[in-house]
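Student:
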Amino acid sequence: MDCDIASYHVESFNYLAEEGVHLAAQSVPKEKFRLPSGEAIELSYTGASLAMPTLEGGSNKISAIDQLRVLPSECRQRGITYAGNLKVGIEIRINGQRVDIVETILGRVPIMLKSSLCHLSKMNRKELLKAGEEGTEKGGYFICKGSEKVIRLLVANRRNFPIALCRKTFREKGLLFTEYGVMMRCVKDNHTAVMMTIHYLESGTIQIALQYRREIFYLPFIYILKALVDKNDALIAAEMRRGRKDDTYFSSCITNMLSQCQDEGVLHREAALRAIGARFRVAVADKIAPWEDDEEAGRFIINSCVAVHLDDWEEKFYLLVYMAQKLFALVKGECAAETPDNPQFQEAAVSGHIILLIIRERMENILGMVRRKLEFNAKRKKDTFAVTSNEVVRALGSHQNGEITRGLEYFLATGNLVTKIGLSLQQDTGFSVIAERINQLRFVSHFRAIHRGAFFMEMRTTDVRKLRPEAWGFICPVHTPDGAPCGLLNHVTASCRIVTHYSDTRELPALLADLGMLSHKSIVFASDKEEYYPVLLDGRFLGYIPIKKAVSIERQLRCIKTHVEDTRVPCVAEIALVRRSLDMKNIQTQYAGLYILTDPARLIRSVRNLLTDSVEFIGTYEQVYLSIVIDPEEAEPGVTFHQELHPSCLFSFAGNLIPFPDHNQSPRNVYQCQMGKQTMGTAVHAWHTRADNKMYRLQFPQSPLLKVEAYDRYEMDEYPLGTNACVAVISYTGYDMEDAMVINKSSFQRGFAHGTVIKVERINLVSMTEKKTMFRMDPKNPYDTVGCDGLPIPGRRYMLGDVYYVTYNQDTGLHQAHKFHYAEPAYCGIVRLVHQEGADEAARHALIQWRIERNPIIGDKFASRHGQKGINSFLWPVENLPFSESGMVPDIIFNPHGFPSRMTIGMMIESMAGKAAAMHGEVYDASPFVFNEKRTAIDHFGELLSKAGYNYHGNETFYSGVDGRQMEVQIFFGIVYYQRLRHMIADKFQVRATGPIDPITHQPVKGRKKGGGIRFGEMERDAIIAHGTAFVLQDRLLNCSDRDVAYACRRCGSLLSVLMSTKALAVRNRKGSSGTADFTERQICRNCGREDQVYLVQVPRVFRYLTAELAAMNIKIHLGINDSSNIVRA
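Numbering of the sequence shown is given in the numbering used here, commencing with residue 35 and proceeding in unit increments.
1. Just to confirm my understanding: we take Ser-97, look at its own chain, exclude 5 residues before and 5 after, and list those with CB closer than 7 Å. What are they?
2. Here's the rule I'm using: 16 or more other beta-carbon atoms within 10 Å means buried, otherwise exposed. How should Ser-93 be labelled?
3. Measure the Cβ-Cβ separation of Met-86 and Gly-118 and say whether it is below 7 Å.
4. Is it buried or exposed for Phe-481, if we count other Cβ within 10 angstroms and need 16 for buried?
5. To the nearest whole angstrom, what separates the beta carbons of Thr-88 and Cys-178, a pair I think is in contact under 8 Å?
6. Looking at the unbroken alpha helix (DSSP H) that takes in Glu-588, where does it start and where does it end?
7. Which residues in the same chain have their Cβ closer than 6 Å to the Cβ of Pro-374, if we skip the five residues on either side of it in sequence?
8. Under 7 Å between the Cβ atoms of Met-618 and Glu-368?
9. Going along the chain, which unbroken runs of the alpha helix (DSSP H) with 4 or more residues stay wholly within the segment 778 to 835?
10. Can at least three beta-carbon pairs, one atom from the segment 156 to 166 and one from the segment 447 to 455, be found at a separation below 8 Å?
11. Tell me whether the beta-carbon of Gly-948 lies closer than 7 Å to the beta-carbon of Leu-739.
12. Hey, would you say Asp-773 sits closer than 7 Å to Gly-904, going by beta carbons?
13. Is it a yes or a no for the segment 1114 to 1124 touching the segment 1069 to 1077, going by three-plus beta-carbon pairs under 8 Å?
14. Among the candidates Ile-1149, Phe-47 and Tyr-536, whose CA atom is the shortest distance from the CA of Lys-148?
15. Using the beta-carbon count (16 or more within 10 Å), is Ala-518 buried or exposed?
16. Please classify Gly-332: is it buried, with 16 or more other beta-carbons within 10 angstroms of its beta-carbon, or exposed?
17. What residue does the alpha helix (DSSP H) around Glu-381 start on, and which one ends it?
18. Among His-722, Asn-889, Phe-687 and Glu-395, which one has its Cα closest to the Cα of Ile-777?
19. Assign Gly-627 to one of three DSSP states: helix, strand, or coil.
20. In chain order, which continuous runs of the beta strand (DSSP E) of length 3 or greater are located wholly inside the segment 692 to 741?
21. What's the gap between the Cα of Asp-894 and the Cα of Lys-793?
22. Determine the direct distance from the alpha carbon of Arg-1138 to that of Ala-1080, and round the result to whole angstroms.
23. Quick check on Asp-572: buried or exposed, where buried means 16 or more other Cβ atoms within 10 Å of its Cβ?
24. For Asn-703 versus Val-1010, is the C-beta distance shorter than 7 Å?
25. Short check: CB of Val-868 to CB of Arg-112, under 7 Å?
26. Can the beta-carbon of Tyr-856 be found closer than 7 Å to that of Arg-885?
27. Among the candidates Ala-787, Gly-821 and Asn-411, whose CA atom is the shortest distance from the CA of Gln-733?
28. Just the Cα atoms here: how many angstroms apart are Arg-592 and Glu-213?
29. So, Gly-940 versus His-697, is the Cβ gap smaller than 7 Å?
30. Looking only at C-alpha atoms, which of Met-802, Tyr-1129 and Gly-507 sits nearest to Gly-872?
31. What's the gap between the Cα of Met-1001 and the Cα of Ser-765?
32. Could you pull out every residue in the same chain whose Cβ sits closer than 7 Å to the Cβ of Asn-843, ignoring the five residues on either side in sequence?
33. With DSSP as the reference, identify every bridge partner of Gly-653, one or two as the case may be.
34. I'd like the ranges of any alpha helix (DSSP H) spanning at least 4 consecutive residues and lying wholly in the segment 925 to 1012.
35. Tell me which residues share the same chain as Phe-1050 and place their Cβ nearer than 6 Å to its Cβ, disregarding the 5 neighbours each side in the sequence.
36. Give the DSSP bridge partners of Val-228, in chain order.
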């Protein structure tokens, strides 16, 4: 139930800061090149470290300003990035001898709030408030150019785990390729990720697909095997056959592959390395020195493309053997095909890990740039050039800022990933989003959201969007948006955690050996008759366990895992024993074996282990093979060893805040998860340090009378979201049809749902060209609306056209007044002056807070906590509203037709329970799964109502507010917690008589902001035609749009040939004319040369445009023109 909001984001960044960035620097391959003088140069990183956030210095070297610490609130207000320096050491080797180590700042990396490098990390609540932050600040986001950015969790393929796939697209890879393959995403220390796939061919051989810098290369699988170990063909064949001795087809395929190898002259390890190196030499030319041979190139390929998570080549060999065995098991139908859409084979790419991948690639790019710069300088200077630390620093030059500082800023600002190597992520857009603080729910949801990727949005198949049973307890079933991203943008459950650090597994192999595991060396001496399961630990094939002992080994491992003091098995490890199918022909299971997974980025959650009576973390892979109960009575002896900690462990942060969700229809819970994030509430408390463009505030929020268990645990009363309202379920006035609702005008006047929009306007007078303008009042021409400093007066109300600030240009000596440009009147709140870099000290950068009153009006949107949304249709006078026997008048009138089809029984129970809570002066629990068929909520709250003297079912006698007569029917009346949503009519209404038009077509422009029109489309036209209202159609599509008049010639039917000219011109063109010239301007058809058939016609402007466009393509439009008086009407 506990929800730590953003801990995994913070922990993942801590990994980056503490060890990740150093490991990433060391893993960047050396740059090796030869100078014209013949010297062999090698450049490499010795390590890297991140510093705490400081102010950015100028373009000069390390200056005193770099040491000035900066706090997040200052970054928000100044519009700068909260970043720290990335310091690296570059080692220079000449002819194999180390010459120097250059220590330099490579760039600035954005620092995550509340991470170990953040200044806020060790502050208590009091210190946080003093620093201008929220008292409950949890961090987990970045500040990039003043705005808060979150890198959303991204679904990725499970790392270091071979997935057996059956895809039709594999057939298109080349000749003889089949649909079978085994794919593996190898990740090393969170900073290097490479995809590796093996394919089964119709010829019975295997091809391996290696990925290098977004290019895929295909090689015979056996080449890689021979290159990895110094073993003869017989030993390689024996290792491959182990565990599949009776499979004659597999044996013949291995023999076939090895003989093919011999035919191609690859007889030993060196030959295999040379063969691989020769094929890849061109692709990796910039990483292989000119003095290194093909064998070295082959070694580089194996190190950087084949199972990169393993350093030992023998371990790589055994892993590939396992993958080949799994591939043949898939081909022969002995195991089921797996899918990356299954949460079992997925992990979450966390912000710290994604940034680490980017930093490592950027560091490699910088080293390549330095190399190219040095080579260029060496060619230019020839023999006088020598590589020194100064030359390297000069070569780094301005690249340092662009590659890392601006690169990461661009990534956070746009969410777009610019990469040459792909980073084995399935998308390159949509990584980061603005952490909008509409309310606390919206803010928290950004950290708990897990996205499948932009690529899947365009897929036609719905397989990706399905909610699978394997996702139970990890992915919330109700918290997903409706519409295009449905099922792709999910949210992790409140109890779900993500592993961010590597676990210590050094003692695990020895422990497994003690429990009965046979290593690859000792299995040679084992009995042939016994059958074995393979053992995989984080993508390392450790050995085999006898099938007879497998169950006891798995249970022993689990007991050690749950033991607090025993560290041999990490507490976050997944232990899954996949058993062999008893009926292989008809029932296929996953590939059998014992799998132990301890890698980072896995989703884990806590359950109770019934054997050890302790809390155990389980993951998505092992959950499928565990029996977990909610009620202990359901436990199956000898099978069930786990129990859920809480029945509502399947809901997300937002899902856990819905009262009685088990009594509602599921789609209503989905709607509430979305609407809870659009509620006007209390966004922040530190208004004086915020610079957000637009925020919402409910003036008089209340704590609900019905709280779910999670409400207090999540400290939701710090940021309340709604108001308790008296709701009468009655069809009254007729203004409550189709989800509309009537609000008591008196309640509104007392402050019900009053709200404010708070905008902060940033006025920065410093630009690239202008640095001499400042805020200053004109002493000769003072304004009432402007203070003596030239800025608006706090507390004053400003209307459209009021002067609200005055500027003074120091160069020209002129003052300029600036007028208020918002249509709605606003109150000036806090006015702050902000320091501006790149200009002299003066008032040049200001933040002005505007408070715009937004009290409920007709058309504003409201919702209960059960997905029952509606708009305010009328503020009804209190004297005309119905009232109860006790004189209570409802705040809201809700139409009873909103219940039957929606089936939101939870709202009915809330109404009864809210009434009981108000009468007894208590707050009641509204958590799910508390009530059941035997003990119903209706009975429980009904009895409480009876004790308070009310009707058992919550009904009351009401009297008409108009004539005072008693209503014949009892009215259901109670208290419901209502939310006011941010969708307000003041932001949406669009009205236009005349206004801006398109210069070409003369039709109204599009868009509310521009004062444009509302589109009258094809379907609207069809409706008007169906009604037969012809003039309405003409009025909409012609009179109010682009009506125009033009001259047309009836004789030649042309719009284009009629031009204005004088009579004299026409007369002069006729031969033998005499008499006085007539210079009257007439419309004359140039084709006919006459004017007697020229008429003024009314046409749409766009038709004239079309005629001209077609004429440009040599197409003539001929019009049939008749005098309206000659038209015969039927």
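Think of the CB as a built atom: it goes at the ideal place given N, C-alpha and C, for glycine as much as any other residue.
Tutor: According to the structure shown:
1. Caution is warranted here: a pLDDT of 49 is assigned to Ser-97, below 50, making its placement in the model unreliable, and the coordinate value is therefore given only provisionally. Non-local beta-carbon contacts of Ser-97 in its own chain, meaning distances under 7 Å to residues more than five positions away in sequence, involve Gly-91 in chain order.
2. Here the model assigns Ser-93 a pLDDT of 45, short of 50, so the residue's position is not dependable and the matter cannot be decided.
3. yes
4. buried
5. 16 Å between Cβ atoms; not a contact.
6. That run of the alpha helix (DSSP H) goes 581 to 596.
7. Asn-191
8. yes
9. 779 to 783
10. In this structure the segment 156 to 166 does not lie against the segment 447 to 455, because fewer than three pairs of beta carbons, one per stretch, are closer than 8 Å.
11. yes
12. Here Asp-773 is near Gly-904, since their CB atoms are less than 7 Å apart.
13. no
14. Phe-47
15. Looking at its Cβ environment, which holds fewer than 16 other Cβ atoms inside 10 Å, Ala-518 is exposed.
16. buried
17. For Glu-381, no alpha helix (DSSP H) segment is defined; the enclosing uninterrupted segment is the beta strand (DSSP E) at 380 to 383.
18. Asn-889
19. strand
20. 728 to 732
21. 19 Å
22. 8 Å
23. buried
24. Contact: no.
25. yes
26. no
27. Ala-787
28. 37 Å
29. yes
30. Met-802
31. 12 Å
32. Lys-806 and Thr-807
33. Ile-638
34. Whole alpha helix (DSSP H) segments, 4+ residues: 939 to 954 and 971 to 981.
35. The residues are Arg-1070.
36. Cys-220
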